[in-house]
Amino acid sequence: MGTATAAAAAAGEGARSPSPAAVSLGLGVAVVSSLVNGSTFVLQKKGIVRAKRRGTSYLTDIVWWAGTIAMAVGQIGNFLAYTAVPTVLVTPLGALGVPFGSILASYLLKEKLNILGKLGCLLSCAGSVVLIIHSPKSESVTTQAELEEKLTNPVFVGYLCIVLLMLLLLIFWIAPAHGPTNIMVYISICSLLGSFTVPSTKGIGLAAQDILHNNPSSQRALCLCLVLLAVLGCSIIVQFRYINKALECFDSSVFGAIYYVVFTTLVLLASAILFREWSNVGLVDFLGMACGFTTVSVGIVLIQVFKEFNFNLGEMNKSNMKTD
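Here is the structure:
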């Protein structure tokens, strides 16, 4: 009986819910980070275009550096958000950066944003609200010991091996031949790396708690933190390189929109395998999150797929008048 009680208590601790204040703070930071991240691709693209006009490297352009600094600030914000609330609550909020980036691109890069694009922005924001409402609010992994156990899980190790194999194929064989002509090549590389960056970020936050509190396991936590920092650093550097390669070849808002959908899907998959935050989600909340993510995806499609259509309310009114 005592063993069963202890196991139940341990399970309860493993699914501890953050305080309402922590959730509110994490959500606020996540929203601001999403908006900042939404501006990064536009600013970097603007810097690349300006540099090409001058015939110089984009590394000398101040607007490109502004986008790079914004990217760093956004990633720091994401790190803080991941330490406060579950990963599946933070990651989908990146959708807010897509409409913000599209609106910004329409002014800075003169990229088209018609009435369907504006409707897509509205749907993306509405879908994000639905995701916030139905996302799990409890943490399934709350200690460094639990994290170590999850990281060595055969299912997660197998998933990482598959991701590494796909990355090697994409980077060394597919990208040199097809990267400049197929946007999905660079997006796939950056999104697959999200399987390392987001879990690493979450893991660093958990390990740091043991280090700062000087627990008996702080030495192991320090080693784990250093390993995760190395993985995170390598992942970010490679992502940074291929993001700029993509921005040199493709429309910034198209890249940002497709990147969001693929990146979010793969990160949620990796987080579900590692942290198992979905285990505490009921059927209603699961369907709510599925509907929210679908709404966001439809909004993103409206923003990007129909952006070349010359479609506005003025033309609709003229068409209706002719019909009458």
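All residue numbers for the sequence shown refer to this note's numbering, where the first residue is 118 and numbers rise by one.
A virtual CB, placed ideally from N, CA and C, is assigned to each residue, including glycine.
Since this is a predicted model, take the numbers as computed values, not measurements.
Within its own chain, the residues whose Cβ lies closer than 7 Å to the Cβ of LEU197, once the five positions on either side in sequence are excluded, are VAL146, listed in chain order. Around the beta-carbon of GLY275, fewer than 16 other beta-carbon atoms lie within 10 Å, marking it exposed.
Around the beta-carbon of LYS163, 16 or more other beta-carbon atoms lie within 10 Å, marking it buried. Following the DSSP letters along the chain, one finds GLY399 in no alpha helix (DSSP H), marked with neither H nor E. For VAL247, the closest C-alpha among the options LEU323, GLU266, PHE410, PHE158 is that of PHE410.
In the DSSP assignment, SER308 falls within the alpha helix (DSSP H) that extends over 300–329. Linking TYR175 to THR260 through their CA atoms gives a straight-line distance of about 43 Å. The three-state secondary structure of THR173, taken from DSSP, is coil. With a 10 Å radius around the Cβ and a threshold of 16 neighbouring Cβ atoms, GLN336 comes out exposed. Residue state for THR269 is assigned as coil, using DSSP reduced to three classes. Annotation for LEU345: SER317, GLY320, ILE321 place their beta carbon closer than 6 Å to its own, counting only its chain and skipping 5 residues before and after. A residue is called buried when at least 16 other Cβ atoms come within 10 angstroms of its Cβ; SER352 meets this threshold and is buried. A distance below 7 Å separates the beta carbons of LEU309 and MET283. By the beta-carbon neighbour count (other beta carbons within 10 angstroms, threshold 16), HIS251 is buried. When the Cα atoms are used, PHE273 and ALA168 turn out to be separated by approximately 43 Å. Annotation: ASP402 to TRP181 spans about 40 Å, alpha carbon to alpha carbon. Distance from VAL159 to ALA222 at the Cβ level is roughly 5 Å; contact confirmed, criterion being Cβ atoms closer than 8 Å.
Of the candidates VAL166, GLY155, SER156, SER141, VAL166 places its Cα closest to the Cα of LYS362. VAL215 is a Cβ neighbour of SER241, given a cutoff of 7 Å.
Boundaries of the alpha helix (DSSP H) around TRP181: 179–201.
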